[in-house]
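J.:
Number of protein chains: 2
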Amino acid sequence: MERQRVSIFDVARAAGVGVATVSRVLNSSPRVSPTTRARVEAAIEELGYHPSRLASGLSKGRQDMIAVLVPFITRPSVVSRLEGVIEVLDKSGYGTTLYSVASLSQRDRHLEYLMDRHASVGVIVISIPLSREHIASFRANGVQLSLIDTAGEDVPHVVVDDRVGGALAGMHLIGLGHRRIGFIGDEDLSGLGFASSYKRLTGLEDALVSFGRSLDRELIRLGPHGATTAKEMADDLLRLGNPPTAIFAASDTQALGVLRSAQANGLKVPDDLAVIGFDNLEVASIFNLSTIAQPLFESGVEGAQRLLCQLEGREVEQVKKVLRLELHARATTIRSAVGPMGTGLQRQLSAYV
Amino acid sequence: MERQRVSIFDVARAAGVGVATVSRVLNSSPRVSPTTRARVEAAIEELGYHPSRLASGLSKGRQDMIAVLVPFITRPSVVSRLEGVIEVLDKSGYGTTLYSVASLSQRDRHLEYLMDRHASVGVIVISIPLSREHIASFRANGVQLSLIDTAGEDVPHVVVDDRVGGALAGMHLIGLGHRRIGFIGDEDLSGLGFASSYKRLTGLEDALVSFGRSLDRELIRLGPHGATTAKEMADDLLRLGNPPTAIFAASDTQALGVLRSAQANGLKVPDDLAVIGFDNLEVASIFNLSTIAQPLFESGVEGAQRLLCQLEGREVEQVKKVLRLELHARATTIRSAVGPMGTGLQRQLSAYV
DNA sequence: GTGAGCTGTGGAAGCGCTTCCACAGCTTGA
DNA sequence: TCAAGCTGTGGAAGCGCTTCCACAGCTCAC
């Protein structure tokens, strides 16, 4: 039933040349005369030949594949990054394979498999911290690495300064007169070691400290990522005897939950409660949510480009690339004509150079 | 620099057996004595040997890889489905590769590559319509196929009845007394032929017709998917001399845009404007948005399981599997104590068997 | 005791490519 | 004119596996 595969040998015979010549045509080697090339191309066309990546990979000792390691593809921020990566990789000639990681064991299983030139020539890791040993193994096996939203010694990585971002949010709220600032962020249940939420909290503390104040542990809630859990945590915070007047959420998704909690509790935003998120997802602009914007899509593009750069044998100019964060002060922190969800005042402040 | 690859031959020598025996151990063939097996396993462990999928695939004439073809990974609904797929595939022993499709040419390029046992033994297609020829090609090449949210003759597919879903939404709104019902949906710019938005509109028409009414073309707006564009379309609709009293959005994302538009225009939901979406994403429950719920994650699980079923040589029991739709009537269509975003009345109606 | 039928094993061919090496037929410079 | 050096080409080895085939050493029924 299944039709016989057309191999390079069939093409060679049809074109009246040797297999080596066909291979040269396939790999666009200059060492082929135009006439021969045309004959071979005609034969390929006629037979409907598709070279086998498997055979080619085995023969070359490496597969022309790039692997992308991502956690939690449910998170919009991860998806945006991934989109940027795919955008670039898709026109690169490399195949792209996605590996989704949700647990330590899964991470290790995938990493072990990917540290092999037969599996991939390059790996892009998004938001997953890698150990020194991991990195060394990749290097030993000659597999290139490019990190996005996670750092690594001597490995090209593109990040933002989450701590500065947290400080930015903190300064904004403090500047608006808030003294009791709550924080809602992620608890790392996976054991993978995600640190961005924690760093953003540290940034908030920096801001408070620089104003002679300190972090109030009572106003911090950490839990699994998601709008629903964030709402519950916000409910909890707002039930306190002396509730916060502002809440900084570690992501826009969580900020949405906070917003929802405020409304359910009959609080007016931003008057009774100011809310600021992180990421600047589409929902943030839709709901006029104040947020710290980070270039998600661009981080993916950048990370992918840096991998390709290495694969072409060129040095990456700037091993650690820090992308810019920006405060988008919108209606959930700044009072405006139309109210929390209105089309009021919308300020964008450039963060730092 | 790069260390030499450990091959099956090295293992064979270390264990004092032939390569065939090592291969048998790797493929857990019963034809190996326990003692020999133990010796080989020890050698594998000691040498840190990892078999090459490339070589194995080439030798077997097929790669143990499953490809997943998805459009627009930005859409939360697609991501949920994908999550379900990955959940199942990840513990299946097959490698999983993701191919993202945003245009016709990209679709064809990927399909052409994937119809090859050297690329994958099975393909899961999410939401992308396939032609009869595509399907025939897969079959001719012995590559198994499983479709999610898209149909195909004689190919296992899991879908929902979007038209019924549309009717469900329509009946709900009509039952609440609405006579001018607007629709906001997708325009298929990609040329890939996505039909769900259109089918949902047809369902709305069915509902109207069954009540002796008809679809008012003036109240229909189609545009690129997204909350922002949906808001603009809703603004447009609400500016009409005789604006709709209810809007059915083809997805929750778009419904969010509608909600935003209502608020910006000073309309109270659901009194001045009722809004219903589709999908039942997390945002829907957060914002108490009425919606037609479809089992997204489950569709992914189901689709993946059916592919695995075929790969094991078993027949899929039900080629066309229709998943259930449910009306979740929440605060954006039904008045309640707390208002549009309150924790008011929340009814769930089972749709159909 | 002998042939048939196991079980466990190794050798080697072959999967479809790439690439090294050899070589034929040229062109060039001395 | 001839050695040297191109250019274009083909043959064949080899990438790391799987699997067919052969075979040794058994057991077992007759």
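Chains A and B, in that order, give the protein sequences.
Residue 285 in full-length UniProt numbering is what sits at position 285 of the first sequence, and the numbering runs on without skipping anything.
Residue 206 in full-length UniProt numbering is what sits at position 206 of the second sequence, and the numbering runs on without skipping anything.
Don't be surprised by glycine CBs; every beta carbon is placed ideally from N, CA and C.
(1) Report the CB separation of Leu-104/A from Leu-192/A in whole angstroms; it is logged as a contact under 8 Å.
(2) Where does the unbroken alpha helix (DSSP H) through His-110/B begin, and where does it stop?
(3) According to DSSP, simplified to helix, strand and coil, what is Val-11/B?
(4) Please work out which residues of its chain come closer than 6 Å, Cβ to Cβ, to Arg-39/A, disregarding the five sequence neighbours upstream and downstream, and give them in chain order.
(5) Can you tell me whether DSSP reads Gln-254/A as helix, strand or coil?
(6) What residues in the UniProt domain "HTH lacI-type" (6-60) of chain A have a beta carbon less than 7 Å from any beta carbon of chain B?
(7) Looking at chain A, is there any beta carbon in it that lies within less than 8 Å of the beta carbon of Ala-351/B?
(8) My output table needs one value for Ala-351/A: the three-state DSSP class, helix, strand or coil.
(9) With a threshold of 6 Å on Cβ separation, who are the neighbours of Thr-245/B within its own chain once the five nearest residues in sequence on each side are excluded?
(10) Return yes when the Cβ of Arg-81/A is within less than 8 Å of the Cβ of Leu-325/A, no when it is not.
(11) Between the segment 195-205 of chain B and the segment 152-169 of chain B, do three or more beta carbon pairs fall short of 8 Å?
(12) Given that a residue counts as buried once 16 or more other Cβ atoms are within 10 Å of its Cβ, and exposed if not, what is Glu-153/A?
(13) Expressed to the nearest angstrom, what Euclidean distance is found between the alpha-carbon atoms of residue 359/A and Gly-212/A?
(14) Counting only C-beta atoms, is Lys-231/B closer than 8 Å to chain A at any point?
(15) Could you say which of Pro-129/B, Gln-144/B, His-225/B lies nearest to Ala-304/B if we only look at CA atoms?
(16) Is Tyr-186/B helix, strand or coil when you go by DSSP?
(17) Is Ala-329/B helix, strand or coil when you go by DSSP?
(18) So which residues on chain A does Asp-272/B lean against when the C-beta distance must stay under 7 Å?
(19) Would a check of beta-carbon distances place Val-155/A closer than 8 Å to chain B?
(20) Does any CB atom of chain B fall closer than 8 Å to the CB of Gln-63/A?
(21) Please list, in chain order, the chain A residues whose beta carbon lies closer than 8 Å to that of Pro-298/B.
(22) Using 8 Å as the limit for Cβ to Cβ distance, is His-118/A near chain B?
(23) Would you kindly work out how many angstroms separate the C-alpha atoms of Phe-72/A and Gly-185/A, rounded to a whole number?
(24) Can a CB atom of chain B be found closer than 8 Å to the CB of Ala-207/A?
(25) Please list the terminal residues of the continuous alpha helix (DSSP H) segment that includes Asp-279/A.
(26) Can you tell which of His-134/A, Ala-207/A, Pro-129/A has its C-alpha closest to the C-alpha of Ala-195/A?
(27) As a quick exercise: from Phe-183/B, Arg-107/B, Val-209/B, Asp-116/B, pick the residue whose alpha carbon is nearest that of Ser-131/B.
(28) Which same chain residues, not among the five before or five after Ala-267/A, have their C-beta less than 6 Å away from its C-beta?
(29) Is the shortest distance between the beta-carbon of Leu-307/A and the beta-carbons of chain B less than 8 Å?
(30) Using the Cα positions of Arg-217/B and Ile-247/B, report the straight-line distance between them to the nearest angstrom.
T.: This is what the structure gives:
(1) Taking C-beta atoms under 8 Å as the contact rule, Leu-104/A and Leu-192/A qualify, at a distance of about 6 Å.
(2) From DSSP, the alpha helix (DSSP H) with His-110/B extends over 104-114.
(3) Note: Val-11/B maps to helix in three-state DSSP.
(4) Around Arg-39/A: Ala-15.
(5) Reduced to three states, the DSSP call for Gln-254/A is helix.
(6) Residues of the UniProt domain "HTH lacI-type" (6-60) of chain A that bring their beta carbon within less than 7 Å of a beta carbon in chain B comprise His-50, Ser-52, Arg-53, Leu-54, Ala-55, Gly-57, Leu-58, in sequence order.
(7) The predicted model places Ala-351/B with a pLDDT of 40, which falls under 50 and marks its position as unreliable, so this point remains unresolved.
(8) The pLDDT assigned to Ala-351/A is 40, lower than 50, so where the model puts this residue is not dependable; a value taken from the coordinates is nonetheless given after this. Residue state, collapsed to three classes: coil.
(9) Answer for Thr-245/B: His-178, Arg-180, listed in chain order.
(10) Judged by beta-carbon spacing, Arg-81/A lies beyond the 8 Å limit of Leu-325/A, meaning their Cβ atoms are not closer than that value.
(11) Enough Cβ pairs lie closer than 8 Å, so yes.
(12) Glu-153/A should be labelled exposed.
(13) The structure shown has nothing for residue 359/A, since chain A only spans 1 to 353.
(14) Closer than 8 Å to some Cβ of chain A, the Cβ of Lys-231/B qualifies, so yes.
(15) By alpha-carbon distance to Ala-304/B, the top candidate from Pro-129/B, Gln-144/B, His-225/B is Gln-144/B.
(16) Here the sequence assigns Asp to residue 186/B, which means Tyr is not the residue at that position. Note: Asp-186/B maps to strand in three-state DSSP.
(17) Correct three-state label for Ala-329/B: strand.
(18) Under the 7 Å cutoff, chain A gives no residues; its nearest Cβ is about 15 Å from Asp-272/B.
(19) Not an interface residue.
(20) The beta-carbon of Gln-63/A is placed less than 8 Å from the nearest beta-carbon of chain B.
(21) According to the sequence as given, residue 298/B is Glu; it is not Pro. Per Cβ cutoff of 8 Å: no residues; Glu-298/B is ~15 Å from chain A at best.
(22) Yes, His-118/A counts as interfacial toward chain B.
(23) Computed Cα separation, rounded: 16 Å.
(24) No, its Cβ sits nowhere closer than 8 Å to a Cβ of chain B.
(25) Careful: Asp-279/A lies outside any alpha helix (DSSP H), inside the beta strand (DSSP E) at 274-279.
(26) Checked all of His-134/A, Ala-207/A, Pro-129/A; the closest Cα to Ala-195/A is Pro-129/A.
(27) The residue among Phe-183/B, Arg-107/B, Val-209/B, Asp-116/B with its C-alpha nearest the C-alpha of Ser-131/B is Arg-107/B.
(28) The displayed chain sequence assigns Leu, not Ala, to residue 267/A. Contacts found: Leu-273.
(29) For Leu-307/A, the answer is no, since every Cβ of chain B falls outside 8 Å of its Cβ.
(30) CA-CA distance, Arg-217/B to Ile-247/B, rounds to 13 Å.
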